[in-house]
Amino acid sequence: MKSIYLWAIKQAFIKLDPRQQIKNPVMFVVYLGSIITTVLCFYPTTIPNWFNISVTVFLWLTLLFANFAEAVAEGRGKAQADSLKQAKKDVMTYKIHQLEDIQTQSFIEVRSSDLMRGDLVYVQAGEQIPADGDVIEGAASVDESAITGESAPVIRESGGDRSAVTGGTKVVSDYLVIRVSSESGNSFLDKMIAMVEGTKRKKTPNEIGLQIFLITLTIIFLTVSITLVPFTEFSSQLSGKGEALSLMIVIALLICLAPTTIGALVSSIGIAGMSRLTKENVIALSGRAIEAAGDVDILLLDKTGTITLGNRRASEFLPVTGVSERQLANAAQLSSLADETAEGRSIVILAKEKFNLRERQFQQAEVNFIDFSAKTRMSGIDYQGDKIRKGAADTMKQYVLSLGKQYPDECDQIVDRIARAGGTPLVVVMNGEVLGVIYLKDIVKNGVKEKFLDMRKMGIKTIMITGDNPLTAAAIAAEAGVDDFLAEATPENKMKLIRRYQERGHLVAMTGDGTNDAPALAQADVAVAMNTGTQAAKEAGNMIDLDSSPTKLLQVVQIGKQLLMTRGALTTFSIANDVAKYFAVIPVLFYSIYPQLGQLNIMNLSSPLTAILSAVIYNALIIVALIPLALTGVKYQEKPASQILRHNLIVYGLGGIIAPFICIKLIDSLLSLIVG
1 MKSIYLWAIK QAFIKLDPRQ QIKNPVMFVV YLGSIITTVL CFYPTTIPNW FNISVTVFLW
61 LTLLFANFAE AVAEGRGKAQ ADSLKQAKKD VMTYKIHQLE DIQTQSFIEV RSSDLMRGDL
121 VYVQAGEQIP ADGDVIEGAA SVDESAITGE SAPVIRESGG DRSAVTGGTK VVSDYLVIRV
181 SSESGNSFLD KMIAMVEGTK RKKTPNEIGL QIFLITLTII FLTVSITLVP FTEFSSQLSG
241 KGEALSLMIV IALLICLAPT TIGALVSSIG IAGMSRLTKE NVIALSGRAI EAAGDVDILL
301 LDKTGTITLG NRRASEFLPV TGVSERQLAN AAQLSSLADE TAEGRSIVIL AKEKFNLRER
361 QFQQAEVNFI DFSAKTRMSG IDYQGDKIRK GAADTMKQYV LSLGKQYPDE CDQIVDRIAR
421 AGGTPLVVVM NGEVLGVIYL KDIVKNGVKE KFLDMRKMGI KTIMITGDNP LTAAAIAAEA
481 GVDDFLAEAT PENKMKLIRR YQERGHLVAM TGDGTNDAPA LAQADVAVAM NTGTQAAKEA
541 GNMIDLDSSP TKLLQVVQIG KQLLMTRGAL TTFSIANDVA KYFAVIPVLF YSIYPQLGQL
601 NIMNLSSPLT AILSAVIYNA LIIVALIPLA LTGVKYQEKP ASQILRHNLI VYGLGGIIAP
661 FICIKLIDSL LSLIVG
């Protein structure tokens, strides 16, 4: 952290370059004012030189503090960018023209920087993946710690939604054949570095709107300030009292009354928002996406992995009439001994816990395990003359009837009851006779219901997306507490749902990882693509979650809202500050010409010079005081917008009015003691 601050101090001076300053019009006015007051210090005036020098020093400090705030925010991203650059290096790799070249070892060794989009490369264990691409053959463990920070390797394989690989990661085992999907210099790692460093950060619509508002206020104060010299000169001659305000005082007054506080911090607030997102291992491909996350009022959430744990677990054995629960459990356990899926293991464990049925030790000759296949859609075991099978209800019904056996209506009723409860039924059959049903339950994650309740309080509607049938979807939606659900979801109806809400004026957020999610991701206002997902999904999204956690969408929305809350709070404080400084300083400046204004000098400030210098000093120091708040953000509150606005007005509005009166009076008293 110390190195970041040292770097930021250096950058604060580098950013005094006028080409940098002009990007922030409010602070550019401070910049021009500082230059003019610096020149005025060398001209003799009736005002004491200590005042001129003091004002000039604190105007330059105001600029440096603003630059420092922005540089600290950038420095946090720079540290992560440096680690990413270490992963990005030019390596030698094996290029092939066709898959058959692997058998003949017809490899061409080339540099990764020379690869073109569409090239095929062969990467073995221990080698670095040279470029972004999609796996077209092979399956391997890949170390992605250079990008995600997670040390555990992940599986990447051809086909499915886990075929995308990122340049700079490393193959740990086996081999992969990869089709390159990006040109050199335009890889995902290159984009990450650019976004983290902020080199491609564009101002968001909200930032542009706020900046226009601040520029308008500054122009108004600039216009008023320009007229003060001739106006006070005319007034002093007319009244025969006092004297005209000097150019030095007018410039100091302009800087004090212009919205410099929020003008100095607005850029660092935006950069810090992106930095907070980066800390959560989410890369935003645009600042606009973060702000949109703050305004989101519709959340599309995938059921598996987000709302439920993702692995269904056996929760109950439901036998048909004439079969004991123990008999069903014994058969179910036998049929699942070779099933290494989470569901299969849970059946074995449930039978063990309920009936103390232990896993058997078999000789290979005694048993024949039947693995699940897409063709038969069932699995099981042949053991001691018994043929035990388990599978989905419709599959098992066809199986029983094909053997000429009776399929009991009672089993259909049990299956229907489980489906209505949101579970998955697995029917168990032994020698063609139905024994009963295993109730596999989707386990809703702890705390999810409370989280959705908080979202509802904030005016956000949650919609569960699932491929389950409507009965199952309705049961899980009710248990999880979501507002609505889309069952039997397809790419087309997901996209139609998003469009329907957008046409009504809503902002929609969703997550996805597959090619079939790409159309909906492209349509959504906030689209978080999983890093483990396909290249199509990542290209369609405007954010990429390096951890590939479906629940990350909730954190993204919170960070977006915190960004907007922080900007709103500091804008409120800044404007309230300006109003307070106006009433604190103006009366003491003009009461030599208009003695009646002395009644408004409620703080009893010592003199016009100490009053205006106190305001200039306060104006610089308040920026330093607010830097931590701008970088960390105001405390996130899951409340409706009206309550947050009320809270901001009370805390930051009232605080912004009170703080200048107290601080300026204290600084004025201290200056009075120093200058006598």
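The UniProt record's numbering puts the sequence shown at residues 1 to 676. Beta carbons: idealized from backbone N, C-alpha and C, even for Gly.
Query raised in the report: Sorted by chain position, which residues of the same chain lie with C-beta nearer than 7 Å to VAL323's C-beta, five sequence neighbours on each side aside?
Result: Counting from 1 along the sequence shown, the entry for residue 323 is found at position 323. Only LEU435 and GLY436 meet the Cβ criterion.
Query raised in the report: Is it true that the region 258-278 meets the region 420-433, where meeting means three or more beta-carbon pairs spaced less than 8 Å apart?
Result: Taking 8 Å as the limit for Cβ pairs, the verdict is that the region 420-433 does not touch the region 258-278.
Query raised in the report: What separation, rounded to the nearest whole angstrom, lies between the Cα atoms of SER246 and PRO587?
Result: Here residue 246 is taken as the residue at index 246 of the sequence shown, counted from 1. Here residue 587 is taken as the residue at index 587 of the sequence shown, counted from 1. Their backbone Cα atoms lie some 16 Å apart in a straight line.
Query raised in the report: Roughly how many angstroms separate the alpha carbons of THR199 and LYS15, rounded to a whole number?
Result: Residue 199 sits at position 199 when you count from the first residue of the sequence shown. Residue 15 sits at position 15 when you count from the first residue of the sequence shown. Interpretation of THR199 is limited by its pLDDT of 43, a score under 50 that renders its predicted location unreliable; the figure taken from the coordinates is listed afterwards. Here the alpha carbon of THR199 sits roughly 14 Å from the alpha carbon of LYS15.
Requested in this report: From the DSSP output, in three-state form, read off SER182 for me.
Outcome: If you number the sequence shown from 1, residue 182 lands on position 182. It is coil, neither helix nor strand.
Query raised in the report: How is ALA474 classed by DSSP in three states: helix, strand or coil?
Result: Within the sequence shown, the letter at position 474 stands for residue 474. If DSSP states are grouped into helix, strand and coil, ALA474 belongs with the helices.
Query raised in the report: ALA630 and ALA69: beta carbons closer than 8 Å?
Result: What you label residue 630 is simply residue 630 of the sequence shown in a count that begins at 1. What you label residue 69 is simply residue 69 of the sequence shown in a count that begins at 1. Contact: yes.
**Report entry** Rounded C-alpha distance that separates PRO25 from TYR582
**Finding:** Indexing the sequence shown from 1 puts residue 25 at position 25. Indexing the sequence shown from 1 puts residue 582 at position 582. Rounded to the nearest angstrom, the two C-alpha atoms are 21 Å apart.
Query raised in the report: What does a CB cutoff of less than 7 Å around LYS405 pick up in its chain, not counting 5 residues either side in sequence?
Result: Position 405 of the sequence shown, counting from 1, holds the residue named residue 405. Here the set comprises GLY432 and GLU433.
Query raised in the report: In three-state DSSP terms, what is THR199?
Result: By 1-based counting over the sequence shown, the position of residue 199 is 199. The predicted position of THR199 is uncertain, since its pLDDT is 43 and thus under 50; a value taken from the coordinates is nonetheless stated next. The answer is coil: DSSP assigns THR199 none of H, G, I, E or B.
Query raised in the report: Relative to the C-alpha of MET455, which residue among ILE465, GLY467, LYS441 and GLY481 is closest?
Result: If you number the sequence shown from 1, residue 455 lands on position 455. Of the listed residues, the one whose Cα sits closest to MET455 is GLY481.
Query - Coil, strand or helix - PHE107 by DSSP - result: Start at 1 with the first residue of the sequence shown, and residue 107 comes out as number 107. Three-state result, PHE107: coil.
Query raised in the report: In its own chain, which residues sit with a C-beta less than 7 Å from the C-beta of MET495, not counting the 5 before and 5 after it?
Result: On the sequence shown, residue 495 is found 495 positions in, with the first residue counted as 1. Around MET495: PRO519, ALA520 and GLN523.
Report task. Locate the beta strand (DSSP E) running through ASP578, then write down its first and last residues. Result -> Looking up residue 578 in the sequence shown gives position 578. That residue, ASP578, is in no beta strand (DSSP E); its alpha helix (DSSP H) goes 552-590.
Query raised in the report: How about ILE381 and SER335: do their beta carbons lie closer than 8 Å?
Result: Indexing the sequence shown from 1 puts residue 381 at position 381. Indexing the sequence shown from 1 puts residue 335 at position 335. One thing to note: ILE381 has its Cβ within 8 Å of the Cβ of SER335.
**Report entry** Alpha carbon of LEU253 to alpha carbon of SER225, nearest angstrom
**Finding:** Here residue 253 corresponds to residue number 253 of the sequence shown, with the count starting at 1. Here residue 225 corresponds to residue number 225 of the sequence shown, with the count starting at 1. Whole-angstrom Cα-Cα distance: 8 Å.
Query raised in the report: DSSP three-state call for TYR5: helix, strand or coil?
Result: As a working mapping, residue 5 is identified with position 5 in the sequence shown. TYR5 falls in the helix class under three-state DSSP.
Report task. Pull up the DSSP beta-bridge partners for GLN128, would you. Result -> Residue numbering aside, residue 128 sits at position 128 when the sequence shown is read from its first letter. DSSP, once it has assigned bridges, lists LYS170 as partnering GLN128.
**Report entry** Where LYS387 falls: helix, strand or coil (DSSP)
**Finding:** For the purposes of this step, residue 387 is identified with residue 387 of the sequence shown, where counting begins at 1. Residue state, collapsed to three classes: strand.
Requested in this report: Just the C-alpha distance for PHE234 and VAL585, rounded to the nearest angstrom, thanks.
Outcome: Taking the sequence shown and counting its residues from 1, the one referred to as residue 234 is at position 234. Taking the sequence shown and counting its residues from 1, the one referred to as residue 585 is at position 585. So the alpha carbons of these two residues sit roughly 21 Å apart.
Requested in this report: With DSSP collapsed to three states, give me the class of ASN368.
Outcome: In the sequence shown, residue 368 corresponds to position 368, counting from 1. DSSP places ASN368 in strand when its eight states are reduced to three.
Report task. For SER141, write down the residues that DSSP places opposite it in a beta bridge. Result -> For the purposes of this step, residue 141 is taken as residue 141 along the sequence shown, with counting starting at 1. Answer by DSSP bridge pairing, in chain order: ILE155.
Query raised in the report: Taking C-alpha atoms, which residue in LEU61, LEU453, ALA258 and THR490 lies nearest to LEU621?
Result: The residue given as residue 621 occupies position 621 in the sequence shown. With respect to the C-alpha of LEU621, the residue from LEU61, LEU453, ALA258 and THR490 having the closest C-alpha is LEU61.
Query raised in the report: Considering only residues of the same chain and omitting the five flanking positions on each side of ILE664, which have a CB-CB separation below 8 Å?
Result: The residue you call residue 664 lines up with position 664 of the sequence shown. The beta carbon of ILE664 sits closer than 8 Å to the beta carbons of LYS581, ALA584, VAL585, MET603, LEU605, ALA611, SER614, ALA615 and TYR618 from its chain, once the five residues preceding and following it are set aside; these are given in chain order.
Query - Unbroken stretches of the alpha helix (DSSP H), 4 residues or longer, contained in the region 32-82 - result: If only complete runs of 4 or more residues are kept, the region 32-82 shows no alpha helix (DSSP H) anywhere.
Query raised in the report: In or out: LEU353 buried (at least 16 other Cβ within 10 Å) or exposed?
Result: Taking the first residue of the sequence shown as position 1, residue 353 is located at position 353. The sequence given here has Glu at residue 353, not Leu. By the C-beta density criterion, GLU353 is exposed, having fewer than 16 other C-beta atoms within 10 angstroms.
Query raised in the report: Quick one: is ILE269 buried, meaning 16 or more other Cβ sit within 10 Å of its Cβ, or exposed?
Result: To locate residue 269, count along the sequence shown from 1; it is residue 269. A buried status is given to ILE269, since no fewer than 16 other beta-carbon atoms sit within 10 Å of its beta-carbon.
**Report entry** Unbroken stretches of the beta strand (DSSP E), 3 residues or longer, contained in the region 307-356
**Finding:** The region 307-356 contains these whole beta strand (DSSP E) runs: 313-319.
Report task. Within the same chain, show all residues whose beta-carbon is closer than 6 Å to that of GLN124, passing over the 5 residues directly before and after it, in chain order. Result -> In the sequence shown, the residue the question calls residue 124 occupies position 124. Same-chain partners within the cutoff: TYR175.
Report task. Report the residue from LEU426, PHE317 and LYS303 whose alpha carbon sits nearest the alpha carbon of GLY467. Result -> In the sequence shown, counting from the first residue as 1, residue 467 sits at position 467. Considering only alpha carbons, the answer is LYS303.
Requested in this report: Tell me whether MET396 sits in a helix, a strand or coil according to DSSP, three-state version.
Outcome: One-based indexing of the sequence shown puts residue 396 at position 396. Taken through DSSP and simplified to helix, strand or coil, MET396 comes out as helix.
Requested in this report: Go ahead and label GLY447 buried or exposed: buried means 16 or more other beta carbons lie within 10 angstroms of its beta carbon, across all protein chains shown.
Outcome: Reading the sequence shown from its first residue, position 447 is the one you call residue 447. Result: exposed.
Requested in this report: Assess, as a yes-or-no matter, whether the region 36-54 is touched by the region 104-116 under the definition of 3 or more beta carbon pairs within less than 8 Å.
Outcome: Flag = no, the region 104-116 and the region 36-54 do not touch.
Report task. Report the three-state DSSP secondary structure of SER549 (helix, strand or coil). Result -> Here residue 549 is taken as the residue at index 549 of the sequence shown, counted from 1. For SER549, the secondary structure class from DSSP, reduced to helix, strand or coil, is coil.
Requested in this report: Please name the residue or residues paired with THR462 in a DSSP beta bridge.
Outcome: As a first step, residue 462 is located in the sequence shown; it is residue number 462 there, counting from the start. Bridge partners of THR462: LEU299.
Query - Beta-carbon proximity of VAL171 to VAL142, cut-off 8 Å - result: As a working note, residue 171 is residue 171 in the sequence shown. As a working note, residue 142 is residue 142 in the sequence shown. In contact: VAL171 and VAL142 (Cβ atoms closer than 8 Å).
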